[in-house]
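Whatever position you read off the sequence shown (first residue = 1), add 232 for my numbering. Each residue gets a CB set at the ideal place from its N, CA and C atoms; glycine is no exception. Predicted, not measured: the structure shown is a model, and the values here were computed from it. Below is one structure, written out as structure tokens; the observations come after it.
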Amino acid sequence: MDLLSLEIFRTVVREGGITRAAEQLHRVQSNVTTRIRQLEQSLGVSLFSRNHKRLVLTPAGETLLDYAERLLNLAIEAREAVQPAVPQGRLRIGSMESTAASRLPLPLARFHQQWPAVQLELSTGPTQQLIDRVRAFTLDAALVAGPLEDPLLTILPLYAEELVLLAPRNHPPINSPDDLQTHTLIAFENGCAYRRHAENWLASGSIPGRRPDRILELGSYHAMLACVAAGAGVALAPRSVLELHNCSESLAIHPIGPAGQVPTYLIRRHDYSSPAFDALSQILQDEAINRLSYIEPTASPSDNKDVEAAGQSDAD
Numbered sequence: 233m234d235l236l237s238l239e240i241f242r243t244v245v246r247e248g249g250i251t252r253a254a255e256q257l258h259r260v261q262s263n264v265t266t267r268i269r270q271l272e273q274s275l276g277v278s279l280f281s282r283n284h285k286r287l288v289l290t291p292a293g294e295t296l297l298d299y300a301e302r303l304l305n306l307a308i309e310a311r312e313a314v315q316p317a318v319p320q321g322r323l324r325i326g327s328m329e330s331t332a333a334s335r336l337p338l339p340l341a342r343f344h345q346q347w348p349a350v351q352l353e354l355s356t357g358p359t360q361q362l363i364d365r366v367r368a369f370t371l372d373a374a375l376v377a378g379p380l381e382d383p384l385l386t387i388l389p390l391y392a393e394e395l396v397l398l399a400p401r402n403h404p405p406i407n408s409p410d411d412l413q414t415h416t417l418i419a420f421e422n423g424c425a426y427r428r429h430a431e432n433w434l435a436s437g438s439i440p441g442r443r444p445d446r447i448l449e450l451g452s453y454h455a456m457l458a459c460v461a462a463g464a465g466v467a468l469a470p471r472s473v474l475e476l477h478n479c480s481e482s483l484a485i486h487p488i489g490p491a492g493q494v495p496t497y498l499i500r501r502h503d504y505s506s507p508a509f510d511a512l513s514q515i516l517q518d519e520a521i522n523r524l525s526y527i528e529p530t531a532s533p534s535d536n537k538d539v540e541a542a543g544q545s546d547a548d
């Protein structure tokens, strides 16, 4: 078992089959198939089973994948440790769509200008998915919404976001959940931290624990704003994102007080570090300070920790 075999194995899993893995690795299919068979023979177990012409990981394959991720990432860290401490190589960053749209364009442009040798990969998704991917070694770091405590993660507070309630323009004033004329919540998929904040706010009215009568799940802020304007329901969204959309004439925006104050954290595993990550972290902190939205590190959920464009989904 060597690192190249593990890299081929991991690519087959990620690409969902031999053909796409071979294309990704710039190898012929027979070579990839042979390396997988050799790996299985050296371990004495089957790593894949075929299900309707699809490769599915066996329990042994699932176990090996976790170790392969850790070993390959450790190899990258070892290589960086013996090389000059200059940002280079690959850096895989995850972000909520709202953060990617409203917070990241300028710092990422600055990062690319300063450190062109770094291959920065940005992917978006809801908070829980991003946390899971950092924990599973498929992301090096991510920007997620709080609150958050996780013993496996180092948590750096960056931005203080204000979530505001969006309602149709003709809706009467809203000071509490009791003032709502509709209990349809327009939100993103489960795992979205802002959806959780919206549900908690709706449950804070005079009927304790009340949940939305209906949740309309959407995948983009454009769709969300359009549905709210059409009277389909209400939604919660960061004010920083609304600044990117011209919606003041079609929507009513209602602050919800302290319940709308939500931190954004930059997270990584305790066992991960690299010059590229350190450089990006510093640029993100500088940008947050310049925009007067920085959270002091003392606001971290735990004293012993260091502590949002359209894509596939706008979920946070």
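Less than 7 Å separates the beta-carbon of residue 470 from that of residue 393. In the DSSP assignment, residue 351 falls within the beta strand (DSSP E) that extends over 350-356. When the five nearest sequence neighbours on each side are left out, the beta carbons in the same chain lying within less than 8 Å of the beta carbon of residue 510 are those of 319, in order along the chain. The residues 235, 238, 239 and 242, in chain order, have a CB closer than 7 Å to that of residue 304 in the same chain once the five nearest residues on each side in sequence are set aside. In the displayed model, residue 454 falls within a helix according to three-state DSSP.
Inclusion of residue 495 and residue 378 in the CB contact set at 7 Å is warranted, their separation being smaller than that value.
Taken atom to atom, the span from the alpha-carbon of residue 255 to that of residue 261 is near 8 Å.
One alpha carbon belongs to residue 424, the other to residue 273, and they sit about 42 Å apart.
Residue 338 is classed as exposed because its beta carbon has fewer than 16 other beta carbons within 10 Å across all chains shown.
Distances from the CA of residue 434 to each of 396, 453 and 459 were compared; the closest alpha carbon is that of 396. Secondary structure note for residue 439: it is in no beta strand (DSSP E), with a DSSP letter that is neither H nor E.
Under the DSSP assignment, residue 400 falls in the beta strand (DSSP E) whose first and last residues are 385-400. DSSP, reduced to helix, strand and coil, places residue 405 outside both helices and strands of the structure shown, so it counts as coil. Distance between residue 375 and residue 488, taken at the CA atoms: about 23 Å. With a 10 Å radius around the Cβ and a threshold of 16 neighbouring Cβ atoms, residue 327 comes out buried. Annotation: residue 483 is outside any alpha helix (DSSP H); the continuous beta strand (DSSP E) that includes it extends over 483-487. In this structure, the beta-carbon distance from residue 419 to residue 466 does not fall below 7 Å. Residue pairing by DSSP places residue 321 opposite 350 in a beta bridge.
With fewer than 16 other Cβ atoms from the protein chains shown falling within 10 Å of its own Cβ, residue 313 counts as exposed. Per DSSP, the beta bridge partners of residue 449 are 419.
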